[in-house]
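In the working numbering, the protein residues as written are 0 to 198. Where is the CB? At the ideal position from N, CA and C, for every residue including glycine. Okay, structure first, notes after.
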């Protein structure tokens, strides 16, 4: 039986990883797309070759992805970002499909930041969006990434608004305090398991 595929998303600083970990605690297999994408960018010879063609030799240092350089290149360059995603995303999608086949669970979660922005949201059976007030998200990211609020705001501007995302989501988790978030995760978990039984 194919498991239900759940997409877990949310804007920067909303707390997707925290929510993903709560689902993991309940025994749900979770695929972190960003982590897997970075691993593939370091591992796949095809991706490496194409990224060097796109960004030049500085894309890698000692065979490892030069993350600060790539980030600086795509920061305000949408076309370059799209070209990079066109190289990486299909490989990640293939890797995810193979991963799903190995899971023995009623449902699995793919945690990914831009499923609405890149149109991949249509591929999921269920979508959960994590939201939090913008000022809370801003504080979290500035603290976490040691980043400037201007930089974080620029990233936010490139992402869909919470309103746009929630209108296309099956479930919305408001992540302001941990206990409340954990409680919401538990309720959604029960609902998805219930629909899996009737799947």
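Item to check | As assigned by DSSP and simplified to three states, the class of residue 64 | outcome: Along the chain shown, one-based indexing puts residue 64 at 65. Looking at residue 64 - three-state DSSP - the assignment turns out to be strand.
Checklist entry - Does the count of Cβ pairs from the stretch 18-29 and the stretch 147-162 closer than 8 Å reach three? => result No: the two stretches stay apart, fewer than three of their Cβ pairs being nearer than 8 Å.
Next on the checklist: Cutting at 8 Å between CB atoms, please list the residues of its own chain near residue 94, excluding the five before and the five after it.
Outcome noted: Residue numbering aside, residue 94 sits at position 95 when the chain shown is read from its first letter. Once the five neighbours on either side are set aside, the close Cβ partners of residue 94 are 35 and 39.
Checklist entry - Is residue 10 buried or exposed, if buried means 16 or more other CB atoms sit within 10 Å of its CB? => result Translated into positions along the chain shown, residue 10 becomes position 11. Counting the other Cβ atoms within 10 Å of the Cβ of residue 10 gives 16 or more, which makes it buried.
Checklist entry - So, helix, strand or coil for residue 11, using DSSP? => result Taking the first residue of the chain shown as position 1, residue 11 is located at position 12. Of the three classes helix, strand and coil, the one that applies to residue 11 here is coil, per DSSP.
Item to check | Host beta strand (DSSP E) of residue 191 (start-end) | outcome: Against the chain shown, residue 191 aligns to sequence position 192. In this chain, residue 191 is not harboured by any beta strand (DSSP E); it is covered by the alpha helix (DSSP H) spanning 177-196.
Checklist entry - What is the residue span of the alpha helix (DSSP H) that residue 27 lies within? => result Looking up residue 27 in the chain shown gives position 28. Segment: none, residue 27 is in no alpha helix (DSSP H) and carries neither H nor E.
Checklist entry - Leaving out the 5 sequence neighbours to the left and right, which residues in its chain are closer than 6 Å to residue 115 when beta-carbon positions are compared? => result As a working mapping, residue 115 is identified with position 116 in the chain shown. So the qualifying residues of the chain are 159 and 164.
Checklist entry - Taking DSSP as the reference, what is the three-state secondary structure of residue 119? => result The count along the chain shown starts at 1 and reaches residue 119 at position 120. If DSSP states are grouped into helix, strand and coil, residue 119 belongs with the helices.
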